[in-house]
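Chemist: Here our numbering runs 1487 ahead of the position in the sequence shown, where the first position is 1.
Think of the CB as a built atom: it goes at the ideal place given N, C-alpha and C, for glycine as much as any other residue.
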Amino acid sequence: MKRFKLPVLVGVLFAVVYSVNYKEISNASSISDIEQIVANRLIPNTVDIRGRGMGKLGVALARGNAIFINPAVAASLDKTMVAGGGRVHFGMVDDEYSQNNSDGYTAMYKPHVKLTHLSGVVPFKLAEFPISIGAGAGYHTVYDFGENYYFSKNDGDIDKTLKIHGGLNLLSPSFSLGFFDKIYAGITVNMSVLGTVSAEEKEDGELSDPEEFDGSGTYAILGILAKPVDPLSIGLSYWPGFEWKFGGGDYVAIPPMLVCGANYQISEQIMAGLEFQTRLYKKLTTREEGPMGNGFALRAGGEYDFGPVALRLGGFGETVPIGDYNYNRNTESDDPTFAFGATGGAGIRINKVTIDLGLSWTHYAQEMVDSVNATTLETYTYSENHFRFDAGVAIDLPGIGFEKRDELEPVIQDTIMPEPIPEPERRKPVY
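#1: Terminal residues of the continuous beta strand (DSSP E) containing residue 1706?
#2: Tell me, to the nearest whole angstrom, how far the beta carbon of residue 1677 is from that of residue 1706; I am working on the premise that it is less than 8 Å.
#3: Of the residues 1689, 1686, 1785 and 1601, which one's Cα is nearest the Cα of residue 1805?
#4: Cβ of residue 1568 within 8 Å of Cβ of residue 1539?
#5: Quick check on DSSP: helix, strand or coil for residue 1554?
#6: Between residue 1877 and residue 1634, what straight-line distance do the alpha-carbon atoms span, to the nearest angstrom?
#7: With 16 as the cutoff for other CB atoms within 10 Å, does residue 1532 come out buried or exposed?
#8: Quick one: what does DSSP say residue 1547 is sitting in, helix, strand or coil?
#9: For residue 1461 and residue 1783, what's the separation of their Cα atoms in angstroms?
#10: How big is the Cα-Cα spacing for residue 1752 and residue 1724?
#11: Ignore the nearest five residues each way along the sequence and tell me which others in residue 1617's own chain have a CB closer than 8 Å to its CB.
#12: Where does residue 1916 fall in DSSP's three states?
#13: If I'm right that residue 1625 touches residue 1606 with Cβ under 8 Å, what's the distance once you round it to whole angstroms?
#14: Does the distance from the C-beta atom of residue 1562 to that of residue 1673 stay below 8 Å?
#15: If you compare alpha carbons, which of 1650, 1832, 1622 and 1573 is closest to residue 1661?
#16: Using the C-alpha atoms, what's the distance from residue 1719 back to residue 1686?
#17: Count the other CB atoms within 10 Å of the CB of residue 1817; is the residue buried (16 or more) or exposed (fewer)?
#18: Can you tell me the Cα-Cα spacing of residue 1671 and residue 1596, whole angstroms?
#19: Indicate the three-state DSSP secondary structure (helix, strand or coil) for residue 1614 in the structure shown.
#20: How would you write the range of the alpha helix (DSSP H) that residue 1687 sits in, first residue to last?
#21: Considering only C-alpha positions, which residue in the set 1541, 1574 and 1560 is nearest to residue 1675?
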């Protein structure tokens, strides 16, 4: 990434954040220096609320919102699906360094509300041909860093709020094909829209000059879905690397990502899934210390469908591109930090409408080393717990051309039965 010419533009790196908005704050007492709270994370936002409840699954999940992670899924659907939703993010911060060096220390993420997605997918199928088509489009935030960070020190002597709003918002038309109800392939083209990023800081009631700047980027996702047997779905998608441009030659280089996973319908009520994602942090060019080690993400979850209500549970573990920090050397470790969390949710069906609800928790911690004197080092723990509540609506409508031959009502033809031929009258004997 090219160096930003104005210090305030470093805040654009907040856009490259975790789906739950992880933040590394090297020294929360110095929040006025935006450069000290820059974090370089590239994990896309899972917007489908059903998938979030199941550990943030998506690559093989039969949902219209799958166009945002695996466009091939759309051609496998048998219903038109329209969905939309939003989230509320908030969190808690535990910083031993700031606690030991201040009185009355408080740090938190105050609630922030955001619309995350709108989508529509229409599948087509003809009974005469073993081909299906999925066409759709949607709007979603793939890198979401909208948050309100609050910090107080020395019983209110220092009182600051940092608001970073915006993200990489995308308009995503999608097209996919399916063959023989077994194999599907698709493409989604992502074009940035509404890309304004804003940053403002308020200290002791005084608002600093807010900054706004626009970002843009375009890339396409390729996906494959296979159903070798009826209960099993296997998904694979590839996200190429691209440049998130901000004008004046400034950009953030987004590394490519590979996603693979599978869902298995254990019974009519129970489904389970597993998903793996790569994290090619060595391709990041935002670190001065050298390349960060590569990482991964592993997600798992399931759903129990009671009929009118479906319950979902899941969990995940993944590495984030931040390392332990050394205050003396002003350097960050090359080893990425491991984060983990749990998710849950529910789907409430009312006729063709499903109300989706989801709650996720994420935790990560890192070590911060500082010198006590010339010969002694002290290690502090910095950790964050993030919470996110999602709510939305999904509507199921009929697909087009899904009347298969074996589903057609049998045609009963009126058959005219011939009159019975009378038995020839026997010739009477002659006496």
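Modeler: In short:
#1: If you number the sequence shown from 1, residue 1706 lands on position 219. Where residue 1706 is concerned, the enclosing beta strand (DSSP E) stretches over 1705 to 1713.
#2: If you number the sequence shown from 1, residue 1677 lands on position 190. If you number the sequence shown from 1, residue 1706 lands on position 219. About 6 Å; that satisfies the 8 Å criterion.
#3: Against the sequence shown, residue 1805 aligns to sequence position 318. Measuring from the Cα of residue 1805, the nearest candidate turns out to be 1785.
#4: Start at 1 with the first residue of the sequence shown, and residue 1568 comes out as number 81. Start at 1 with the first residue of the sequence shown, and residue 1539 comes out as number 52. Taking the C-beta atoms as reference points, residue 1539 is found no nearer than 8 Å to residue 1568.
#5: As a working note, residue 1554 is residue 67 in the sequence shown. Here residue 1554 sits in helix by DSSP.
#6: Mapped onto the sequence shown, residue 1877 falls at position 390. Mapped onto the sequence shown, residue 1634 falls at position 147. One alpha carbon belongs to residue 1877, the other to residue 1634, and they sit about 15 Å apart.
#7: Within the sequence shown, residue 1532 is the residue found at index 45, counting from 1. Answer is buried; the Cβ neighbour count reaches 16.
#8: Residue 1547 sits at position 60 when you count from the first residue of the sequence shown. It is coil, neither helix nor strand.
#9: Given a span of 1488 to 1918 for the chain in the structure shown, any question on residue 1461 remains unanswerable.
#10: Taking the first residue of the sequence shown as 1, we reach residue 1752 at position 265. Taking the first residue of the sequence shown as 1, we reach residue 1724 at position 237. Roughly 21 Å between the two C-alpha positions.
#11: Counting from 1 along the sequence shown, the entry for residue 1617 is found at position 130. If we look at residue 1617 and ignore the five residues flanking it on each side, its Cβ neighbours are 1666, 1667 and 1668.
#12: By one-based count along the sequence shown, residue 1916 stands at place 429. Its pLDDT being 48, under 50, residue 1916 is placed unreliably in this model, and the value from its coordinates should be taken loosely. DSSP places residue 1916 in coil when its eight states are reduced to three.
#13: As a working note, residue 1625 is residue 138 in the sequence shown. As a working note, residue 1606 is residue 119 in the sequence shown. Indeed they touch by this definition, with Cβ atoms about 3 Å apart.
#14: Residue 1562 sits at position 75 when you count from the first residue of the sequence shown. Residue 1673 sits at position 186 when you count from the first residue of the sequence shown. Contact: yes.
#15: What you label residue 1661 is simply residue 174 of the sequence shown in a count that begins at 1. Out of 1650, 1832, 1622 and 1573, 1622 has the C-alpha closest to the C-alpha of residue 1661.
#16: The sequence position of residue 1686 within the sequence shown is 199, counting from 1. The sequence position of residue 1719 within the sequence shown is 232, counting from 1. One C-alpha to the other measures close to 46 Å.
#17: Working through the sequence shown from its first residue, we reach residue 1817 at position 330. When all chains shown are included, residue 1817 counts as exposed.
#18: As a first step, residue 1671 is located in the sequence shown; it is residue number 184 there, counting from the start. As a first step, residue 1596 is located in the sequence shown; it is residue number 109 there, counting from the start. Taking the straight line from one Cα to the other gives about 42 Å.
#19: For the purposes of this step, residue 1614 is taken as the residue at position 127 of the sequence shown. In this structure, residue 1614 counts as coil in the three-state DSSP scheme.
#20: Numbered from its first residue, the sequence shown carries residue 1687 at position 200. It is not in any alpha helix (DSSP H) - residue 1687 instead sits in the beta strand (DSSP E) that spans 1683 to 1690.
#21: Here residue 1675 corresponds to residue number 188 of the sequence shown, with the count starting at 1. Considering only 1541, 1574 and 1560, the residue with the shortest C-alpha distance to residue 1675 is 1560.
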